[in-house]
Amino acid sequence: MTLEKIESTGEELSLKLFIVLSRAVQTVRKKVEEDIRSYGLNPTEFAVLELIYHKGDQPIQKIGEKVLIASSSITYVVDKLEKKQLIRRKPCPTDRRIIHASITEKGKERMDEIFPLHKEALMTIFAGLESEEKTSLIELLKKLGYYAQGVDKLRDAKDEG
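Number 161 marks the last residue of the sequence shown (full-length UniProt numbering); no jumps.
Written out as structure tokens, the structure is:
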């Protein structure tokens, strides 16, 4: 079904919203990935490095949930960043079972260099929206996300009732 054939009522409006949202996310993600790759990093490496750069040392076991990466991929990503000398593993002083990922001086210098460029790229990508539109979109997308998370609970409650 093409976008032009969808009418603006009920189910059709939800379908149109899904199509438009999916296409927008796909386009934005592609532009952001191109930007990140231009710095010699893949999006996953950038996400981990950016987390540590802004939030400080992180337990390796917790990084995945913070940057929405499968925990099975974290060791591989940390290994790659460590090989590039951008982060290092550091044992936790209070619990030997925990290993932290810590940014190196080289990693900090790299992020000092590329993060302003990345912010600029994001500003360019979103330049078509006014500040008020960005704020509204943030609120609407949060609302959509929270509601979508609870849909299964709503469906289960209907089935039980």
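All C-beta atoms, glycine included, are put in the ideal place defined by N, C-alpha and C.
Model, not experiment: these values are computed from the prediction.
Cutoff 6 Å; reference residue i; Cβ partners in own chain excluding five residues on either side
{"i": "glutamine 61", "result": "none"}
{"i": "aspartate 57", "result": "His100, Ser102"}
Pairwise C-alpha distance: residue j and residue i
{"i": "glutamate 11", "j": "glutamate 130", "result": "29 Å"}
{"i": "valine 78", "j": "valine 20", "result": "35 Å"}
{"i": "leucine 17", "j": "tyrosine 146", "result": "17 Å"}
{"i": "lysine 119", "j": "valine 25", "result": "18 Å"}
{"i": "valine 67", "j": "arginine 23", "result": "22 Å"}
{"i": "glutamate 34", "j": "leucine 122", "result": "11 Å"}
{"i": "valine 32", "j": "methionine 111", "result": "16 Å"}
{"i": "leucine 41", "j": "lysine 142", "result": "29 Å"}
{"i": "lysine 106", "j": "alanine 148", "result": "41 Å"}
{"i": "histidine 54", "j": "leucine 13", "result": "40 Å"}
{"i": "proline 116", "j": "glycine 150", "result": "37 Å"}
{"i": "glutamate 133", "j": "glutamate 65", "result": "29 Å"}
{"i": "aspartate 95", "j": "glutamate 109", "result": "29 Å"}
Cβ separation of residue i and residue j, assumed to be a contact under 8 Å, to the nearest whole Å
{"i": "isoleucine 99", "j": "proline 91", "result": "6 Å"}
{"i": "isoleucine 125", "j": "threonine 104", "result": "With a Cβ gap of about 29 Å, isoleucine 125 and threonine 104 do not count as contacting."}
{"i": "residue 170", "j": "isoleucine 138", "result": "No answer is possible for residue 170: the residues shown for the chain start at 1 and end at 161."}
Assigned secondary structure, residue i (DSSP; H/G/I helix, E/B strand, else coil)
{"i": "serine 38", "result": "coil"}
{"i": "alanine 148", "result": "helix"}
Beta-carbon proximity list for residue i, same chain, < 8 Å, skipping 5 on both sides
{"i": "aspartate 69", "result": "Per the sequence presented here, residue 69 reads as isoleucine, with aspartate not at that position. Cβ within range, chain order: Thr44, Ala47, Val48, Ile63, Val77."}
{"i": "arginine 89", "result": "Ile60, Val78, Glu82, Ile99, His100, Ala101, Ser102"}
Other residues of its chain near residue i: CB distance less than 7 Å, five sequence neighbours each side excluded
{"i": "leucine 51", "result": "Gln58, Ile63, Lys66, Val67"}
Quiz item: Fully enclosed by the UniProt domain "HTH marR-type" (14 to 146), which beta strand (DSSP E) runs are 3 residues long or longer?
Solution: 87 to 91, 99 to 103
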